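Before any comments, here is the structure.
Take a look at the structure:
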């Protein structure tokens, strides 16, 4: 696995329109028909119903149905294909149809300290690609089996970019790594990239691309990150976001930081020196160190009168309150990973953080090379009770915050956001 420590500079993305071809069959197509509602021009989004002006394509339960719907008075079902697994999303591009389905693979592995292999189920995302030049007889030309649960996808030109997520599977010291298995040929284990920051839980997030016209053209990267919950895609970039969480085992680290940063500086200097000497003693366990530190604190308090104790405790409580507020603010952040895409290529670009969390993909936007995101911050504070407000951030191509507007509409939250040109429209209440 490769750790990402530095980010290369990237040119400013320029939005380029994409289109879905109509087959050149000489058939008559409607000039006005419904299409999938998309967020970004030129970036198609998957759906379970697609329409190209003549044919309607539907996935329902475990079937792909193609209807010749134009002219409408002669509408008829021309094909009905059974699909393995559970179909979830679909694209149509000229004489190609791509369909995602969820399936499970069973593998045999010996659990830790067991005596024989046991069946283990592993969720797989299948990308079925069909040649539909003959709508009456769709022909499957590719079946890409990708480890993990299907998350989201987009189609830009002829390239489908899709994201799967998988919680790492451990068998003793062995970890099942992400894999892509084409219908024909060798399996691909994408390079895995990780980041030097702790997470509450880790997820293999795979970003893959395939040319719908030439499925042999396959590319993929896997990123070890937190569990992503919102995704935005522009013509040139994928932005994956999730809320920041520190792992449970990090609580002891936080306790020590709280003591050293908020409490220790307010103690008498001689007491500080004694405590630091104990902390430097590597022969003592963490528990033994704290036993000796608590004895030092007890002797300190026993040597004070009540007024001295009260003043010191009040001073420390105020410092602890400020420190906890700082940590709470850090824990309310959203992590944003930027991945550059271009002609099927996938390259990691950078990482940023903002306070609060986005409502959905429409709370994010890319404009003239800048990434914009609207968030809601909400938390419980022991002094102020329930606190809620909203924020707007602008990040540059290096994912550094270059503009912000905080505490918008206090005591309200975002229910809808739309970016239009250099303006944003937010509904809060």
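Numbering (the numbering used here), first residue to last: -2 to 426. All C-beta atoms in this analysis are idealised placements derived from N, C-alpha and C, irrespective of residue type, glycine included. Values in this document were obtained by computation on a predicted structure and should not be read as measured data.
Cβ neighbours of residue i in the same chain (closer than 7 Å, five flanking residues each side left out)
i, result
"residue 5", "The predicted model places residue 5 with a pLDDT of 37, which falls under 50 and marks its position as unreliable, so this point remains unresolved."
"residue 378", "384"
"residue 359", "36, 414, 415"
"residue 276", "286"
"residue 89", "17, 47, 49, 54"
"residue 52", "63, 64, 65, 66, 132"
"residue 180", "139, 140"
"residue 101", "118, 119, 120, 121"
"residue 306", "298"
"residue 98", "80, 81, 82, 83, 84, 85, 123, 125"
Residue closest to residue i, alpha-carbon to alpha-carbon, out of the options
i, options, result
"residue 329", "353, 56, 419", "353"
"residue 237", "125, 350, 113, 173", "350"
"residue 270", "280, 257, 281, 360", "257"
"residue 162", "146, 172, 152, 153", "146"
"residue 400", "406, 392, 407", "392"
"residue 67", "93, 98, 30", "30"
"residue 219", "113, 255, 203, 229", "203"
"residue 200", "74, 148, 83", "148"
"residue 61", "137, 42, 332", "137"
"residue 380", "319, 419, 344", "319"
"residue 224", "281, 278, 160", "160"
"residue 59", "84, 74, 312, 226", "84"
"residue 57", "78, 69, 42, 38", "78"
"residue 69", "382, 25, 109", "25"
"residue 261", "153, 229, 314, 111", "314"
Coil, strand or helix - residue i by DSSP
i, result
"residue 280", "coil"
"residue 322", "helix"
"residue 37", "coil"
"residue 242", "coil"
"residue 175", "coil"
"residue 192", "coil"
"residue 11", "Confidence at residue 11 is low in this model, with a pLDDT of 36, below 50, so the placement of that residue should be treated as unreliable; the coordinate-derived value is given next. Of the three classes helix, strand and coil, the one that applies to residue 11 here is coil, per DSSP."
"residue 401", "strand"
"residue 259", "helix"
"residue 407", "coil"
"residue 250", "helix"
"residue 419", "coil"
"residue 60", "strand"
"residue 119", "strand"
"residue 31", "coil"
"residue 291", "helix"
"residue 395", "coil"
"residue 69", "helix"
"residue 437", "Any answer about residue 437 is impossible in this case: the structure gives the chain only from -2 up to 426."
"residue 285", "helix"
"residue 425", "strand"
"residue 427", "Here the chain has residues from -2 to 426 only, and residue 427 is not among them."
"residue 79", "strand"
Cβ-based neighbour list, residue i, same chain, cut-off 8 Å, excluding 5 preceding and 5 following
i, result
"residue 325", "376, 378"
"residue 44", "33, 86, 87"
"residue 116", "103, 104, 105"
"residue 333", "236, 237, 238, 348, 349, 350, 351, 368, 370, 392, 396"
"residue 172", "165, 166"
"residue 114", "105, 106, 107"
Close beta carbons around residue i, own chain, < 6 Å, minus the five adjacent residues each side
i, result
"residue 409", "425, 426"
"residue 185", "177"
"residue 11", "Caution applies to residue 11, whose pLDDT of 36 falls short of 50 and renders its modelled position unreliable; the model cannot decide the point."
"residue 129", "92, 94, 135"
"residue 407", "386"
"residue 143", "122, 161, 177"
"residue 216", "206, 341, 343"
"residue 259", "316, 317, 320"
"residue 284", "none"
Beta-carbon spacing of residue i, residue j below 8 Å
i, j, result
"residue 76", "residue 32", "no"
"residue 316", "residue 263", "yes"
"residue 235", "residue 205", "no"
"residue 126", "residue 95", "yes"
"residue 40", "residue 231", "yes"
"residue 123", "residue 82", "yes"
"residue 50", "residue 72", "no"
"residue 233", "residue 404", "no"
"residue 188", "residue 156", "no"
"residue 227", "residue 355", "yes"
"residue 310", "residue 293", "no"
"residue 229", "residue 423", "no"
"residue 331", "residue 372", "yes"
Taking the runs of the alpha helix (DSSP H) that are 4 residues or longer, which of them lie wholly in the region 293 to 350? 303 to 328
What runs of the beta strand (DSSP E), each 3 residues or longer, lie entirely inside the region 350 to 388? Runs of the beta strand (DSSP E) inside the region 350 to 388: 361 to 364, 367 to 378.
Beta strand (DSSP E) segments (min. 3 residues) lying fully within the region 122 to 175: 136 to 144, 146 to 153, 156 to 163, 166 to 168, 171 to 173
Jot down the residue ranges of each uninterrupted beta strand (DSSP E) in the region 91 to 116, minimum 3 residues, whole runs only, in chain order. 93 to 106
Quick check for students: name the residue ranges of the beta strand (DSSP E) that lie wholly in the region 195 to 222, counting only runs of 3 or more. 200 to 208, 215 to 222
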